[in-house]
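A.B. asks:
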Amino acid sequence: MSDSSRGEFSSSFGFIMAAAGSAIGLGNIWGFPTQTAQNGGAAFVLLYLILAFVVGYPILLAEFTIGRHAQSNPVGTYQKIKGGKRFVPVGFLGITTVGFILSFYSIIAGTMVAYFINPILKLMGLHQASAWVISQGASSNILFASIFFFFTILIVAAGVKNGIEKWSTRLMPTLLVILVVLVVYVLTLDGAMEGLKVYLLPDFTKVMHTQLFTSALGQAFFSLSLGVGSMLVLASYTSKKENIVRLGWLVTLSDVSIAFLAGLLIIPAMYAAAASGTQIFDETGSLISGPNLVFQVLPALFDTMGPIGIGLSIIFFFLMIIAALTSTISMLEVPVAYAVDNRGMSREKASIIIGVVFWAVSMIIALNFDLLFNFVVSATTQFIQPLLGLFICIFVGWVMNRNTLIEEIKQGNPEVANSLFMKIWPFFIRYISPILIFIILAQAFL
Ligand code: PHE
Numbered sequence: 103m104s105d106s107s108r109g110e111f112s113s114s115f116g117f118i119m120a121a122a123g124s125a126i127g128l129g130n131i132w133g134f135p136t137q138t139a140q141n142g143g144a145a146f147v148l149l150y151l152i153l154a155f156v157v158g159y160p161i162l163l164a165e166f167t168i169g170r171h172a173q174s175n176p177v178g179t180y181q182k183i184k185g186g187k188r189f190v191p192v193g194f195l196g197i198t199t200v201g202f203i204l205s206f207y208s209i210i211a212g213t214m215v216a217y218f219i220n221p222i223l224k225l226m227g228l229h230q231a232s233a234w235v236i237s238q239g240a241s242s243n244i245l246f247a248s249i250f251f252f253f254t255i256l257i258v259a260a261g262v263k264n265g266i267e268k269w270s271t272r273l274m275p276t277l278l279v280i281l282v283v284l285v286v287y288v289l290t291l292d293g294a295m296e297g298l299k300v301y302l303l304p305d306f307t308k309v310m311h312t313q314l315f316t317s318a319l320g321q322a323f324f325s326l327s328l329g330v331g332s333m334l335v336l337a338s339y340t341s342k343k344e345n346i347v348r349l350g351w352l353v354t355l356s357d358v359s360i361a362f363l364a365g366l367l368i369i370p371a372m373y374a375a376a377a378s379g380t381q382i383f384d385e386t387g388s389l390i391s392g393p394n395l396v397f398q399v400l401p402a403l404f405d406t407m408g409p410i411g412i413g414l415s416i417i418f419f420f421l422m423i424i425a426a427l428t429s430t431i432s433m434l435e436v437p438v439a440y441a442v443d444n445r446g447m448s449r450e451k452a453s454i455i456i457g458v459v460f461w462a463v464s465m466i467i468a469l470n471f472d473l474l475f476n477f478v479v480s481a482t483t484q485f486i487q488p489l490l491g492l493f494i495c496i497f498v499g500w501v502m503n504r505n506t507l508i509e510e511i512k513q514g515n516p517e518v519a520n521s522l523f524m525k526i527w528p529f530f531i532r533y534i535s536p537i538l539i540f541i542i543l544a545q546a547f548l
């Protein structure tokens with residue numbers, strides 16, 4: 103590594119867990135089921151899957167490549183690579199956007215903390231307190247989002263190896279096991295099969311609205327942490343020995359699988375809840391959705407499980423907190439890397455200052471939740487993230503020197519140069535991915 107003060111991952115496993123940890127988070131378990139419910143089920147699922155592979159993966163690899171090549175943050179990367187100067191504002195837009203994502207994300211992550219504490223308080227007989235923590239009023243949102251910010255700042259300040267890597271390599275596998283257990287249980291419940299149908303059998307006639315495409319694209323970008331520089335920065339800490347083509351596939355596959363599993367849990371769980379009398383449709387006849395969906399469905403599900411449910415609920419929300427934390431650290435890491443690389447700030451100082459700035463933004467959102475929350479979510483994830491992705495396609499596909507690009511991808515994977523993959527991927531990054539993004543963004547505005 104050229105610059106040892108930046109830090110690097112000590113192992114390949116560390117990098118894959120950090121990248122998968124960034125990808126897997128509330129986007130999968132909160133965002134994906136919510137979007138699926140909002141957009142009518144299977145058609146959304148299908149479109150999301152297609153876009154994750156056709157647009158998401160190619161851009162993920164592009165970010166890995168330029169990040170590792172420049173060994174820098176988004177701004178520094180464009181400054182260092184030939185032809186990148188004009189793209190520096192794109193780097194800044196990424197850094198700012200990821201901060202806004204961190205700000206709204208921490209509120210939802212805070213709610214996960216509240217639901218983790220809730221059954222514990224109940225067990226202790228503190229019923230009033232347990233009701234307050236999940237009230238989701240401004241004061242509880244503020245408290246729990248702040249707690250979340252505190253831990254994010256602490257870990258990012260600790261650095262790459264001791265912070266991000268140590269945390270990401272733990273507990274992610276446990277999350278997978280718990281999800282599978284819950285899915286198996288849900289599918290045994292009355293009504294679940296109907297939910298399964300809605301989840302798996304697309305009814306295009308019902309859902310062909312323009313929002314479907316923007317939502318699915320935004321979800322693919324959000325879920326794979328694309329455009330804003332998180333993946334780029336993580337790759338900048340990885341060694342030239344890694345096969346980034348393969349690691350990119352692993353990240354995409356694990357991310358998509360966890361989202362798919364989460365949907366397999368939540369959508370049938372909604373129908374199971376309906377079978378036992380809960381209202382799951384709104385006045386217009388569509389599934390209820392919105393930021394609270396999983397917080398209505400999951401606790402109701404755990405309640406049906408008796409005492410085991412209490413234990414499972416505590417474990418589940420604990421793992422959600424970990425999953426969210428491995429994502430938020432990869433968010434805060436982006437502006438912090440900029441401050442460290444380009445401004446010569448110490449990591450600790452940068453983490454605290456930048457963390458506090460976006461904490462303040464988060465508080466503003468929490469205090470004006472109804473006004474700001476949905477707006478910030480859709481502006482950042484459905485519009486700015488894909489737009490940033492479009493710029494990455496243009497830079498990597500059209501501006502960056504071809505040989506430099508191929509040389510970088512070949513590091514750690516020399517055979518790739520003559521493979522079919524190297525004929526397909528450049529075609530995607532030059533044409534397919536940017537054109538699809540452009541069409542979807544354009545139709546959203548027309
Ligand atoms: N991919 C993360 C999730 O699904 C969210 C995220 C977005 C992380 C952007 C980093 C950057 O929860």
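Just add 102 to wherever you are in the sequence shown, counting from 1, and you've got my numbering. Idealized CB from N, CA, C, for every residue including glycine.
1. For the alpha helix (DSSP H) that SER359 lies in, which residues bound it at each end?
2. Put PHE111 into one of helix, strand or coil per three-state DSSP.
3. Confirm, please, whether the CB-CB distance from PRO176 to GLY158 is below 8 Å.
4. Taking the continuous alpha helix (DSSP H) assigned at LYS451, which residues delimit it?
5. With a cut-off of 8 Å on the beta carbons, I'd call LEU128 and ALA426 a contact; round off their distance for me.
6. To the nearest angstrom, how far is the alpha carbon of ALA231 from that of ASP357?
7. In chain order, what are the residue ranges of uninterrupted alpha helix (DSSP H) at least 4 long that sit wholly in the segment 228–305?
8. Could you pull out every residue in the same chain whose Cβ sits closer than 8 Å to the Cβ of SER338, ignoring the five residues on either side in sequence?
9. Alpha carbon to alpha carbon, how far is THR136 from PHE460? Give it in angstroms, no decimals.
10. By Cβ distance below 6 Å, which residues in the same chain neighbour ARG532 in space, the five residues on each side in sequence not counted?
11. Which word fits SER448, buried or exposed, when buried means at least 16 other C-beta atoms lie within 10 angstroms of its C-beta?
12. Please name the residue, chosen from ILE454, ALA468, ASP305, PHE540, that lies closest to ASN243 on a Cα-to-Cα basis.
13. For the segment 320–332 and the segment 486–499, state whether three or more C-beta atom pairs, one from each stretch, are separated by less than 8 Å.
14. Please indicate yes or no: does the CB of MET433 lie closer than 7 Å to some heavy atom of the ligand PHE?
15. Pick from GLU450, ASN476, GLU435: whose alpha carbon is nearest that of ILE197?
16. So is ASN505 buried or exposed if we call it buried at 16+ other beta carbons inside 10 Å?
17. At the level of alpha carbons, what is the spacing between VAL353 and THR290?
18. If we ignore side chains and look at the alpha-carbon of each, how far apart do TRP351 and HIS229 end up?
19. Which runs of the beta strand (DSSP E) fall wholly inside the segment 376–439 and span at least 3 residues, in chain order?
20. Is ALA125 close to the ligand PHE? I mean its beta-carbon at under 7 Å from any heavy atom of the ligand.
21. Taking Cβ positions, are GLY293 and ALA233 nearer each other than 8 Å?
22. Mind the definition here: the segment 412–427 touches the segment 203–220 only if three or more C-beta pairs lie below 8 Å; say whether that holds.
23. Any contact between the segment 501–517 and the segment 329–349? By contact I mean 3 or more CB pairs, one from each, below 8 Å.
24. In chain order, what residues of the same chain lie with their CB nearer than 6 Å to the CB of GLU165, ignoring the 5 residues before and after it?
C.D. replies: To lay it out plainly:
1. 346–377
2. coil
3. no
4. 449–469
5. 5 Å
6. 35 Å
7. 229–235, 240–260, 274–289, 294–302
8. ARG108, GLY169, ARG170, ALA172, GLN173, SER174, ASN175, THR179, ALA439
9. 25 Å
10. GLY499
11. exposed
12. ALA468
13. yes
14. yes
15. GLU435
16. exposed
17. 30 Å
18. 46 Å
19. none
20. yes
21. no
22. yes
23. yes
24. MET333, LEU334
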